[in-house]
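Participant: Below you'll find the structure I mean.
Protein chains: 2
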Amino acid sequence: MARVGLTPERLTRAGAEMADEAGFDQVTVSALARRFDVKVASLYSHVRNSHDLKTRIALLALAELADRGSAALAGRSGKDALTALADVYRDYARDHPGRYAAAQFRLTPEAAAASAGARHSQMTRAILRGYDLAEPDQTHAVRLLGSVFHGYVTLEQAGGFSHSAPDSQESWTRILDALDALLRNWPATEAG
Amino acid sequence: MARVGLTPERLTRAGAEMADEAGFDQVTVSALARRFDVKVASLYSHVRNSHDLKTRIALLALAELADRGSAALAGRSGKDALTALADVYRDYARDHPGRYAAAQFRLTPEAAAASAGARHSQMTRAILRGYDLAEPDQTHAVRLLGSVFHGYVTLEQAGGFSHSAPDSQESWTRILDALDALLRNWPATEAG
DNA sequence: GCATCTGACTAAAGGTATTAGGCAAACTCG
DNA sequence: CGAGTTTGCCTAATACCTTTAGTCAGATGC
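Now the structure itself:
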């Protein structure tokens with residue numbers, strides 16, 4: 203009965219590592235118990251249930267991603283900032299696929315409110331300070347950028363762009379060029 | 203021992219319905235057996251295993267989506283086609299959230315090759331015939347559009363755009379306007 | 001009608017999630 | 001420091017879900 207020193211934080215970190223190694227869907231209470239060489243039931247003192255564990259991993263990933271984003275944005279503006287933030291998402295997904303998948307975990311409204319989600323949209327909005335967009339176009343642009351970042355990274359992770367020319371890095375660069383051009387020249391609302 | 207008349211197709215369709223009703227992750231061999239009032243083991247004559255079942259549902263969803271896309275693109279071009287295809291994805295995700303989630307199921311390379319995946323990229327490429335883009339920019343644009351469609355719909359489904367102004371429909375419309383403008387005025391490669 | 005095939009069944013083993021209750025290690029405080 | 005309390009990990013038990021093996025009867029083909 204030697205105490206191993208489990209804590210919600212250690213379990214969450216270990217779960218995140220497991221996710222990166224084997225996939226987020228392989229993260230289970232049982233597997234985590236095995237990793238600590240502890241009986242399954244023991245984890246339930248630290249984590250409410252399986253869903254709670256996954257939520258914690260998701261929140262960890264969202265926070266890490268926001269931290270990296272903040273760091274990358276510091277001192278940059280305009281296209282430089284756009285590229286920096288975009289690369290943060292892409293690199294994170296590449297380096298930590300399980301955590302990135304975890305960040306997509308459907309959160310309850312309460313968990314979402316307590317998450318770093320707001321920081322993410324704020325970062326995207328910060329990029330737009332380098333462009334001349336008033337509301338509501340700024341919000342539209344925030345949503346567009348979020349969609350492209352998330353969509354591209356997801357499709358790339360799913361293997362959608364491999365095995366075909368041109369390579370993904372080139373598309374990524376050109377897409378960011380194109381978004382920069384679009385933001386600099388955002389179209390006026392069309393006449394109905 | 204009355205024969206119920208199970209077939210892989212019926213199981214797949216029922217699984218897709220279950221996904222829309224309760225979520226793709228609630229689709230299990232057991233639940234499906236209950237739905238047909240049949241013992242669990244009976245399903246294994248028609249479906250290799252749980253993964254196979256999910257793959258079939260994913261393939262069904264991808265095919266349905268491609269069918270709707272084809273129908274929507276018929277007789278349209280330019281921005282009209284762009285909007286039509288984009289709406290197909292968004293509407294499908296809204297009407298069949300479980301199937302849309304299934305379409306994201308990670309396929310093995312063989313399953314992916316046999317899927318309607320190629321039709322999807324061909325449809326996007328067809329849209330670009332209305333714009334003046336030569337390779338490799340056309341491929342970059344295909345990837346951009348795929349990212350936006352998928353990314354936006356996913357974020358919207360996750361509730362990312364609810365509870366905040368402007369409403370999602372308005373952003374969607376303006377984002378499609380913006381993409382149209384971008385495609386009509388695709389930036390030349392920047393000088394290195 | 002008979003032989004065959006096949007679809008659904010029983011049985012069984014193994015994995016995951018979760019709860020209840022027990023015991024000992026670690027903390028707390030006089 | 002030692003008594004009392006808290007807390008962490010344990011055993012035990014229940015309930016699903018998945019998957020395989022082997023059986024039997026209903027459907028099919030000649």
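Going down the list, the sequences are from chains A and B.
Each residue of the first sequence is one higher than the one before, starting from 203 at the first, in our numbering.
Each residue of the second sequence is one higher than the one before, starting from 203 at the first, in our numbering.
We put the beta carbon where it would ideally sit given N, CA and C, even for glycine.
1. State buried or exposed for lysine 281 of chain B, treating a residue as buried only when at least 16 other CB atoms are found within 10 Å of its CB.
2. Would a check of beta-carbon distances place isoleucine 377 of chain B closer than 7 Å to chain A?
3. Quick one: which chain A residues come within Cβ less than 7 Å of glutamate 392 of chain B?
4. Using the C-alpha atoms, what's the distance from threonine 257 of chain A back to leucine 309 of chain A?
5. List the whole-angstrom C-beta distance separating tryptophan 374 of chain A from arginine 292 of chain A, where the pair is believed to meet the contact cut-off of C-beta under 8 Å.
6. Is it buried or exposed, alanine 349 of chain B, if we count other Cβ atoms within 10 angstroms and call 16 or more buried?
7. Can you tell me the Cβ-Cβ gap for arginine 345 of chain A and phenylalanine 363 of chain B, rounded? I've got them flagged as a contact below 8 Å.
8. Ignoring anything shorter than 4 residues or poking outside the segment 278-361 of chain A, list the alpha helix (DSSP H) runs there in chain order.
9. With the cut-off set at 7 Å, would you say aspartate 227 of chain A and glycine 300 of chain A are in Cβ contact?
10. Could you check which residue in A:Arg205, A:Glu392, A:Leu275 has the C-alpha nearest to that of arginine 321 of chain A?
11. Quick one: does proline 299 of chain A have its CB under 7 Å from some CB of chain B?
12. Please determine, among B:Ser370, B:Glu266, B:Gln306, the residue with the shortest C-alpha to C-alpha distance to glycine 225 of chain B.
13. Is any beta-carbon of chain A found at less than 7 Å from that of glycine 353 of chain B?
14. Taking the beta carbon of arginine 236 of chain B as the centre, do at least 16 other beta carbons fall within 10 Å, making it buried, or is it exposed?
15. On the DSSP letters alone, give me the boundaries of the alpha helix (DSSP H) that serine 373 of chain A sits inside.
16. Is the segment 380-390 of chain B touching the segment 378-393 of chain A in the sense that three or more CB pairs, one from each, lie closer than 8 Å?
17. Along the chain, where does the alpha helix (DSSP H) containing aspartate 254 of chain A start, and where does it finish?
18. Count the other CB atoms within 10 Å of the CB of tyrosine 333 of chain A; is the residue buried (16 or more) or exposed (fewer)?
19. Sort A:Ala314, A:Gly271, A:Val206 by Cα distance to aspartate 254 of chain A and report the nearest one.
20. Determine the direct distance from the alpha carbon of proline 338 of chain A to that of aspartate 369 of chain B, and round the result to whole angstroms.
21. Determine, using beta carbons only, whether valine 242 of chain B comes closer than 7 Å to chain A.
22. Whose C-beta lies closer than 8 Å to the C-beta of threonine 230 of chain B among residues of the same chain, with five residues either side of it excluded?
23. So what's glutamate 392 of chain A in DSSP terms, helix, strand or just coil?
24. Could you tell me whether any Cβ in chain A is nearer than 7 Å to the Cβ of histidine 253 of chain B?
25. Return the CA-CA distance between glycine 217 of chain A and alanine 283 of chain B, expressed in angstroms with no decimal places.
26. Tell me where the alpha helix (DSSP H) around valine 411 of chain B begins and ends.
Facilitator: This is what the structure gives:
1. Position 79 of the second sequence, counted from the first residue, corresponds to residue 281 of chain B. Buried is the call here.
2. To locate residue 377 of chain B, count along the second sequence from 1; it is residue 175. Interface annotation, isoleucine 377 of chain B: in contact with chain A, CB-CB separation under 7 Å.
3. Reading the second sequence from its first residue, position 190 is the one you call residue 392 of chain B. Under the 7 Å cutoff, chain A gives Asp379.
4. As a position in the first sequence, residue 309 of chain A is number 107, starting the count at 1. As a position in the first sequence, residue 257 of chain A is number 55, starting the count at 1. Whole-angstrom Cα-Cα distance: 7 Å.
5. Locating residue 374 of chain A in the first sequence gives position 172, counting from the first residue. Locating residue 292 of chain A in the first sequence gives position 90, counting from the first residue. About 7 Å separates the CB atoms of tryptophan 374 of chain A and arginine 292 of chain A; that is less than 8 Å, so the two are in contact.
6. On the second sequence, residue 349 of chain B is found 147 positions in, with the first residue counted as 1. In the sequence under discussion, the amino acid at residue 349 of chain B is serine, which differs from the alanine named in the question. By the neighbour-count rule (16 or more Cβ atoms within 10 Å), serine 349 of chain B is buried.
7. Reading the first sequence from its first residue, position 143 is the one you call residue 345 of chain A. Reading the second sequence from its first residue, position 161 is the one you call residue 363 of chain B. Distance from arginine 345 of chain A to phenylalanine 363 of chain B at the Cβ level is roughly 6 Å; contact confirmed, criterion being Cβ atoms closer than 8 Å.
8. Annotation note: the segment 278-361 of chain A contains the following uninterrupted alpha helix (DSSP H) runs of length 4 or greater, listed N- to C-terminal: 280-297, 299-305, 311-315, 319-330, 339-359.
9. Counting from 1 along the first sequence, the entry for residue 227 of chain A is found at position 25. Counting from 1 along the first sequence, the entry for residue 300 of chain A is found at position 98. Cβ atoms of aspartate 227 of chain A and glycine 300 of chain A: not closer than 7 Å.
10. Residue 321 of chain A sits at position 119 when you count from the first residue of the first sequence. That would be A:Leu275, whose Cα lies nearest to the Cα of arginine 321 of chain A.
11. As a position in the first sequence, residue 299 of chain A is number 97, starting the count at 1. Not one chain B Cβ lies under 7 Å of proline 299 of chain A.
12. For this step, residue 225 of chain B is matched to residue 23 along the second sequence. Closest in C-alpha terms to glycine 225 of chain B, from the list B:Ser370, B:Glu266, B:Gln306, comes B:Gln306.
13. Position 151 of the second sequence, counted from the start, is the residue given in the question as residue 353 of chain B. So yes, glycine 353 of chain B belongs to the interface.
14. By 1-based counting over the second sequence, the position of residue 236 of chain B is 34. Arginine 236 of chain B is exposed by the Cβ-count criterion.
15. For the purposes of this step, residue 373 of chain A is identified with residue 171 of the first sequence, where counting begins at 1. Element bounds for serine 373 of chain A: 370-386.
16. Short answer: they touch.
17. Taking the first residue of the first sequence as 1, we reach residue 254 of chain A at position 52. Per DSSP, aspartate 254 of chain A belongs to the alpha helix (DSSP H) from 252-275.
18. Counting from one through the first sequence, the residue named residue 333 of chain A turns up at place 131. The residue is buried, with at least 16 neighbouring Cβ atoms inside 10 Å.
19. The sequence position of residue 254 of chain A within the first sequence is 52, counting from 1. Checking every option, the nearest Cα to that of aspartate 254 of chain A belongs to A:Ala314.
20. If you number the second sequence from 1, residue 369 of chain B lands on position 167. If you number the first sequence from 1, residue 338 of chain A lands on position 136. Their Cα atoms are separated by approximately 10 Å.
21. Reading the second sequence from its first residue, position 40 is the one you call residue 242 of chain B. No, its Cβ sits nowhere closer than 7 Å to a Cβ of chain A.
22. Position 28 of the second sequence, counted from the start, is the residue given in the question as residue 230 of chain B. Ser252.
23. In the first sequence, the residue the question calls residue 392 of chain A occupies position 190. Under the three-state reduction of DSSP output, glutamate 392 of chain A falls in the coil class, being neither helix nor strand.
24. Indexing the second sequence from 1 puts residue 253 of chain B at position 51. Closer than 7 Å to the CB of histidine 253 of chain B there is not a single CB belonging to chain A.
25. Position 15 of the first sequence, counted from the first residue, corresponds to residue 217 of chain A. Position 81 of the second sequence, counted from the first residue, corresponds to residue 283 of chain B. The alpha-carbon atoms of glycine 217 of chain A and alanine 283 of chain B are separated by roughly 44 Å.
26. Only positions 203 to 394 of chain B appear in this structure, which leaves residue 411 of chain B out of reach.
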